[in-house]
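Chains as they are written, first to last, in this note's numbering: chain H, 1 to 285; chain U, 286 to 561. All C-beta atoms in this analysis are idealised placements derived from N, C-alpha and C, irrespective of residue type, glycine included. A quick write-up on the structure given underneath.
Below, the structure is given as C-alpha cells:
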C-alpha cells in the first residue's frame, strides 16, 4: 500500500473496489489490526486502528470464512458472541434470530463440516453481526452465494445501515456494489484512483443517443440551453446533459422543433464500465 | 475471560483430532500388551526358582520400560496434535475471525496453550495412571514416587508443547513439526549418550549430553522422572536402562521450567507482532 487515504462516513455503506492484488484485503487487515502498516496512520471509530477494545464495536466477515468444523451454527455464534463480550443471556435470545436472518434455521443442528461455501458465508455473516457492531467489514460477502443468497445479504446490509451501522464492503460483484453502496472507492496498486458517490447518480452527467429525422440547424442550436455538448451525424444526434433533470425538456424541444424522434436513449456508465475504464480490461477483476 | 474461552474451545478442538484418538488407541494397545507381558512374566516366575528379590527387580524394570513408552507416546502425541494450531489456523484464515475479536493476541495464544496443556494432562493421567495401575495390580510393583514421575512426564509434554508453539508462530506447520521433532531427537540421543557417559570417568559424552539437554531438556526431564520412580536398589544396581548412572539435577528441572516459559514468552511476543 502507498499513499492510501480514505474517509468513510458513519452510517454509510462504503464499497471498496480494485483488481486482484490492489491491496483491498491488506487494507482491511490493517484497519482491523491483523497487519501493521510500515508507515502512516489510520483511525477506526475515532481510535487508532488495531485497538483491542474498539473491536467490541466492530464486526468482520473474512473473505474465506472458516472455523472449527465440528461446531453447529448456534455453538459458533455463542462462541463468537462470548469472545465479543456479549452476555450469555443476550445470546440465548439473539442467536436463533440471527440464524433465522441468514436462512440457516433448517440447518441449525448440522455441523459446519456439512456446510457448502455459501452456507459458511451466511454463518460467517451472522458471526460478524452477533454483537450488533457499529462498524462492519465484509470481505466478499456474496462470493459463493446464489442469487437468493445475494439478495438476502443485500437486505441484511441495508438493514444494518437502517440500524445506524456503517458497512465497509469489499466485493468483486460490481452490480451488487452498485445496488447496495452509498459511496465507492477504486484502488489500484495500493492507491486510490477515484471515488464515486452513488447516492448522487441522478446529478451526474448523462449522455443521450438520439435518432431522429428532420433535425434543423435551429433545433440543434437550441439544445445548447440544456446540454454541454452536441454532435450531429446525419440522423444521429449525441448530446451530453449535466444531469437527468433536463431530459424531458430536451425531448419536448426536439419534437416541438419538428424533428421526428425514433430513439431517445439516456446512457449512464455502469460501475462495471467505469471500473474497466479506470483499471483497464486486461487487469481483470 | 478470553483466555479461558480459548482454552475451552482449543481443548474441545484437540479432543476431536484423529491424531489424539490414534494416540489413545496406540496407548490402549500398549497397555494391553504391557498387561499381558506382565501377567506372563509373573506366571513364568511362579514356575521358576528365581529368588523373590530378583523377580521384583525384573518386574520393576518392566514397569520403567512401560512408563518410558508412555512418556514417548505422550510427548509425540502432544507435539503432533498441537503443531498446526497456530500455523495451520494462520494459513487457513481461521485465526482472522478470532484475532479480530476484542481480546489481546496473547490471550489467544495462551488460551490455546492452556487447552493443549489440559489435553496433555488428561492423556498423561490416563496412560501413566494405566501403566502404574497395571504394574501394581498385575506385577505387584509400585513406582517409588509415581506422582513426581507423572508430573515430570507432564512437564516434558508441556516443554515440547511450548517449543511447538514457538516455532508455530514463525514457520509453517510442516517446518515447525520437523524442527520440534528434530529437537526431541537431539534430546533423546543426548540423554542416552549422557547415560552411557556414566560408565567411564570424565567422559566427553557427558558434555554432549548436557549440551543436548540445554538445547532441549525433554530427555533430561524423563531421566529425572525415572530416577524419582525407580526403586533405590534397582537404580543403584543399574538393573534397568534408566538406572541412576547420570541423574539430572533439580536445577535441570528448574532450567526446563524456565526454558518452556521463555519459549512461550517468545511465542506470545512474536504472535503479537506478526501479520496474520
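Check                                                                                                                          : Outcome
Inter-residue Cα distance where the pair is residue 197 of chain H and residue 107 of chain H                                  : 39 Å
Residue 139 of chain H, enclosing alpha helix (DSSP H) - first and last residue                                                : Not the alpha helix (DSSP H): residue 139 of chain H falls in the beta strand (DSSP E), residues 135-139.
Pairwise C-alpha distance: residue 190 of chain H and residue 172 of chain H                                                   : 16 Å
Stretch pair the stretch 62-75 of chain H + the stretch 91-104 of chain H: three plus CB contacts closer than 8 Å              : yes
Beta-carbon neighbours of residue 301 of chain U, restricted to chain H and to distances below 7 Å                             : 70
Interface residues of chain H facing residue 389 of chain U [CB-CB closer than 8 Å]                                            : 52
Identity of the residues DSSP links to residue 266 of chain H by a beta bridge                                                 : H:208
For residue 177 of chain H, the first and last residue of its enclosing alpha helix (DSSP H)                                   : 174-180
Residue 282 of chain H versus residue 185 of chain H: straight-line alpha-carbon distance, rounded                             : Confidence in residue 282 of chain H is poor, its pLDDT being 49 and thus under 50, which makes the residue's placement unreliable; the coordinate value appears in the next sentence. Answer to the nearest angstrom: the Cα atoms are 20 Å apart.
Separation of residue 225 of chain H from residue 270 of chain H, as counted between CA atoms                                  : 27 Å
Partners in chain H for residue 304 of chain U, counting only beta-carbon separations shorter than 7 Å                         : Per Cβ cutoff of 7 Å: no residues; residue 304 of chain U is ~15 Å from chain H at best.
Close Cβ partners of residue 332 of chain U (< 7 Å) along its chain, the five nearest in sequence each way excluded            : none
contact_flag[the stretch 492-502 of chain U, the stretch 340-350 of chain U] where n(CB pairs < 8 Å) is 3 or more              : no
Residue 481 of chain U vs residue 469 of chain U beta-carbon contact at 8 Å                                                    : no
Cα-Cα separation, residue 127 of chain H to residue 387 of chain U                                                             : 14 Å
Buried versus exposed, by CB contacts within 10 Å (16 or more), residue 20 of chain H                                          : exposed
Local Cβ density within 10 Å of residue 359 of chain U, reported as buried at 16 or more and exposed below that                : buried
Residue 550 of chain U classed as buried or exposed, judged by whether at least 16 other C-beta atoms fall within 10 angstroms : exposed
Any chain H beta carbon closer than 8 Å to residue 441 of chain U                                                              : no
Cβ-based neighbour list, residue 145 of chain H, same chain, cut-off 7 Å, excluding 5 preceding and 5 following                : 118, 121 and 153
Contact the stretch 375-392 of chain U vs the stretch 321-329 of chain U: 3+ CB pairs below 8 Å                                : no
Nearest-angstrom beta carbon gap, residue 183 of chain H and residue 63 of chain H [assumed within contact, 8 Å]               : Not really, about 21 Å apart at Cβ, beyond 8 Å.
Neighbour flag for residue 35 of chain H against chain U, beta carbons, 8 Å                                                    : yes
For residue 15 of chain H, three-class secondary structure by DSSP                                                             : strand
Expected contact under 8 Å - CB spacing of residue 449 of chain U and residue 367 of chain U to nearest Å                      : 5 Å
For residue 447 of chain U and residue 398 of chain U, the rounded distance between their alpha carbons                        : 8 Å
C-alpha distance - residue 99 of chain H paired with residue 55 of chain H, whole-angstrom precision                           : 22 Å
Residue range of the beta strand (DSSP E) that includes residue 38 of chain H                                                  : Per DSSP, residue 38 of chain H belongs to no beta strand (DSSP E) and is neither H nor E.
Residues bridged to residue 241 of chain H (per DSSP)                                                                          : H:206
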